[in-house]
Amino acid sequence: MKESYVNLIYIRRQVFAKIAQMGYEGADLSELEKASFEILPGEVATYRDSIFRERAILDERLRLTMGLDARDPNEYSRVTDGISAVDVEKAHFIEPLVNVITHACEACPTKAFIVTDNCRKCLAHPCTNVCPTNAVSIGKSRAIIDQDKCIKCGRCKATCPYSAIVQYDRPCAAACGVNAIDSDYLGRAQINRDRCVSCGRCIIQCPYGAIADKSQIYQLIKALKTDPHMYAIIAPSFIGQFGPLASPLQIVEGIKKLGFKDVVEVSLGADITTLREAKEFLEKVPDEIPYLGTSCCNSWTIMVEKLFP
């Protein structure tokens, strides 16, 4: 999530804190039904037009943080429906990992080109000359793009000498590198599961927090309370997780205080894997296979399997 999306980060942390509290205190999970009221008390909305909508969205965030699916808004179900499946110490996450919270999505406009105030209504009219569908015309004060005719080729934008034509897109779709963001019948974002690689870029970019991923923080806490031999495996990026607020040593010690026996860096396994893959490369390329592709990123692997079978 973007560092500048402070409000969304705060909401996300409130949800994680609540689920963690329930895990450590061994609370009855039926209390999840009232958690959104505890996080967002009162009658006045803080971020959206309605406190009821805010709580409805928060309920879905609470479910996802527990590892449950977001609910279908067209069907009645309780916040705790299906909770027994995730009230365990060890669980594999239930696909899909990345989910759209439909009633949080504002159905942002999809890709389009618009003319800004920078248009000088110049004599050359290059924008009208290059448009293959005659979607650009000259109005009283500036060029006008007929969105019904526009095929979004971008030629008008490329030729404008004043950079007066800009392209915009919904942030989630613009960030997706595999074109997995579609629209439902109301224009809200919808994830194409056949293309999605669960990279999370849409989660980071959405300024409404309408896309979120699942967590297993609750199951982890339950496991920590019963298993004294739990090891934390941290990615190299942990160094920047808290910025200047905590040193790497402080983070490692903090993780141990949570109940982990020890902390190991993922890069250790990556180093071992690199040595094995280097040996495999020398033995098989190009005699047995033309090339060898490898990555420590699971999304990269999913992309290859889905889009380059």
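Numbering (the working numbering), first residue to last: 649 to 957. Heads up, the beta-carbon is just placed ideally off N, CA and C, and yes, glycines get one too.
Subject >> Spatial distance of arginine 696 from threonine 921 (CA atoms) >> reply: 48 angstroms
**OP:** Keeping to the same chain, check which residues put their C-beta closer than 6 angstroms to that of threonine 776; ignore five residues upstream and five downstream.
**Re:** Val784
**OP:** Take threonine 958 and list the residues in its own chain whose beta-carbon comes closer than 7 angstroms to its own, dropping the five residues that flank it on each side.
**Re:** The question about residue 958 has no answer here: the residues shown for the chain are numbered 649 through 957.
Subject >> Contacts around isoleucine 731, its chain only, beta-carbon distance under 6 angstroms, and the 5 residues preceding and following it disregarded >> reply: Leu677
Subject >> Option in Ile865, Val778, Lys650, Val746 with minimal Cα separation from alanine 739 >> reply: Ile865
Subject >> 3-residue-minimum beta strand (DSSP E) runs that sit fully inside the region 802–876, ordered along the chain >> reply: 813–816, 829–831, 837–839, 859–861
Original post:
Hey, alanine 828 and isoleucine 839 are a contact pair by Cβ (cut 8 angstroms); roughly how many whole angstroms apart?
Top reply: 6 angstroms
Subject >> Contact between the region 804–812 and the region 764–779 (3+ Cβ pairs under 8 angstroms) >> reply: yes
Subject >> Residue interval of the alpha helix (DSSP H) (run including serine 684) >> reply: 683–687
Original post:
Measuring CB to CB, does alanine 871 end up less than 9 angstroms from glutamate 737?
Top reply: yes
Original post:
When the Cα atoms are used, what is the spatial distance from alanine 693 to phenylalanine 685?
Top reply: 12 angstroms
Original post:
How would you call asparagine 766, buried or exposed, if buried means at least 16 neighbouring beta carbons within 10 angstroms?
Top reply: exposed
Original post:
For the alpha helix (DSSP H) that glutamate 953 lies in, which residues bound it at each end?
Top reply: 946–955
Subject >> Close-in-space but distant-in-sequence residues of the same chain around tyrosine 653 (CB under 8 angstroms, 5 per side omitted) >> reply: Pro855, Gly857
**OP:** Check whether the region 874–883 touches the region 906–914, counting contact only when three or more Cβ pairs, one atom from each stretch, lie closer than 8 angstroms.
**Re:** yes
Subject >> Best match in Met951, Leu940, Gly891 for proximity to alanine 926 [C-alpha to C-alpha] >> reply: Leu940
Original post:
Span of the beta strand (DSSP E) holding serine 785?
Top reply: 784–786
Original post:
Since tyrosine 879 sits in a beta bridge, which residues does DSSP pair it with?
Top reply: Asp910
**OP:** Please confirm if the region 746–758 is in contact with the region 707–727, defined as three or more CB-CB distances below 8 angstroms between the two stretches.
**Re:** yes
Subject >> C-beta contact flag for isoleucine 742 and valine 748 at 9 angstroms >> reply: no
**OP:** Within 10 angstroms of the Cβ of isoleucine 705, are there 16 or more other Cβ atoms? Answer buried if so, exposed if not.
**Re:** buried
Original post:
Going by the beta-carbon positions, is the gap between proline 876 and lysine 909 smaller than 9 angstroms?
Top reply: yes
Original post:
Bridge partners of alanine 791, per DSSP?
Top reply: Ile786
**OP:** Kindly list the residues whose CB is nearer than 6 angstroms to the CB of cysteine 756, restricted to its own chain and excluding five residues on each side of it in sequence; keep chain order.
**Re:** Arg818
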